[in-house]
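Student:
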Amino acid sequence: MIKVLFFAKLREGFGQGEYGVEAAGAPLTIAALRERILGEQPAWREALCAANVIVALNQEVANLDTAVAEGDEVAFYPPVTGG
Amino acid sequence: MAGLAVTIRVGEADFDVGVETSTILKHSNGIGGLASFVGVMRDHNEGRQVQGMLLEHYPAMTEKALAAIVEEACGRWSLAAVTVIHRVGLLKPGEQIVLVLTAAAHRSEAFAACEFIMDYLKTRAPFWKKEITEHGEHWVDARSTDDKAAERWR
């Protein structure tokens, strides 16, 4: 299982902050993981694929080409506004 | 880095700059000056009267991201101590949000590192603000001025 987290506006729009995706299949990129999610949640496409969405793997900023594996944690979030 | 004291805290509790300063001075040597920045919640943003703000964060990642920023600052400047505290949860206008405190042998390092850490925190640390106004709640947009501020340190 790959744990996927959503934050802020994404979390609110989807109605959930956590989502589980099966890791089955050959090396998965974050882009492929995203497609797997959208296969189950087609309504999320516009928000999840927005150009300014940031992705993180195991609490470090990554990109859509980054490979993910069983047990990893992936996060999708909007541009940060702390401080 | 012998003697470098780094403190990073993320949580709901408020902080006291005086207390944090005293802590640094008590435990660190070779300090000639401290620079500090305190971020405060404004009661006004983009023409709107703001009643409160919700600070959301990515718990597992915030300390990691702040630690990486502090590590980079310590690599660029010779620092004796750094303290970064960021609050989360519900805040009211006038309340403190964030503290960056840097200590060094000389003031130029302390000033530069303090500004650097704030600029990187604003663009890299996973926190999100949601404003609460009388007309409803909405997520604050990231500012291009923050990206430009971070860019100048490259």
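Those protein sequences? They're chains A and B, same order as listed.
Be aware that the first sequence starts at 265, since it is given in my numbering, and climbs by one per residue.
Be aware that the second sequence starts at 66, since it is given in my numbering, and climbs by one per residue.
Glycine residues also receive a C-beta, built at the ideal position from the N, C-alpha and C atoms.
Since the structure is predicted, the reported quantities are computational estimates derived from the model, not experimental observations.
Output the boundary residues of the alpha helix (DSSP H) element that contains Y185/B.
Tutor: Per DSSP, Y185/B belongs to the alpha helix (DSSP H) from 172 to 189.
Student: Compute the distance between the beta-carbons of V75/B and V135/B, then report whether it is under 8 Å.
Tutor: Not a contact, by the Cβ cut-off of 8 Å.
Student: Quick check: the Cα distance between D329/A and R298/A, rounded to an integer number of angstroms?
Tutor: Those two C-alpha atoms are separated by around 11 Å.
Student: Hey, could you find the ends of the beta strand (DSSP E) K210/B is sitting in?
Tutor: In the sequence under discussion, the amino acid at residue 210/B is Thr, which differs from the Lys named in the question. No beta strand (DSSP E) holds T210/B; the alpha helix (DSSP H) holding it covers 209 to 216.
Student: Pick from K213/B, D211/B, W193/B: whose alpha carbon is nearest that of E276/A?
Tutor: Cα-wise, what sits closest to E276/A is W193/B.
Student: Is DSSP giving F340/A helix, strand or coil here?
Tutor: The answer is strand: DSSP assigns F340/A an E or B state.
Student: Within 10 Å of its beta-carbon, does L321/A have 16 or more other beta-carbons around it, so buried, or fewer, so exposed?
Tutor: With 16 or more other Cβ atoms within 10 Å, it is buried.
Student: With H, G and I counted as helix, E and B as strand and the rest as coil, what does DSSP make of T330/A?
Tutor: The answer is coil: DSSP assigns T330/A none of H, G, I, E or B.
Student: For my contact list, M118/B and I197/B are in at a C-beta cut-off of 8 Å; report their separation, rounded to the angstrom.
Tutor: Contact holds; Cβ gap of about 7 Å.
Student: Quick check: the Cα distance between L69/B and V147/B, rounded to an integer number of angstroms?
Tutor: Each residue's Cα considered, the two are about 8 Å apart.
Student: Report yes if the C-beta distance between F271/A and G279/A is below 8 Å; otherwise report no.
Tutor: Not a contact, by the Cβ cut-off of 8 Å.
Student: Does the separation of the CB atoms of W142/B and D184/B fall below 8 Å?
Tutor: Contact flag unset, no.
Student: With contact counted as at least three CB pairs below 8 Å, one residue from each stretch, are the region 169 to 181 of chain B and the region 82 to 90 of chain B in contact?
Tutor: Not touching, per the Cβ criterion.
Student: Could you tell me how far apart the beta carbons of V344/A and R189/B are, in whole angstroms, since I believe they sit closer than 8 Å?
Tutor: So it is a contact: roughly 7 Å between Cβ atoms.
Student: At a CB distance below 8 Å, what residues from the region 77 to 91 of chain B approach chain A? Give them in sequence order.
Tutor: Cβ contacts with chain A come from no residue of the region 77 to 91 of chain B.
Student: Tell me Q161/B's beta-bridge partners as DSSP assigns them.
Tutor: DSSP, once it has assigned bridges, lists V105/B as partnering Q161/B.
Student: Determine the contact status of M106/B and I150/B, defining contact as a CB-CB distance below 8 Å.
Tutor: No, the pair does not count as a contact, with Cβ atoms beyond the cut-off.
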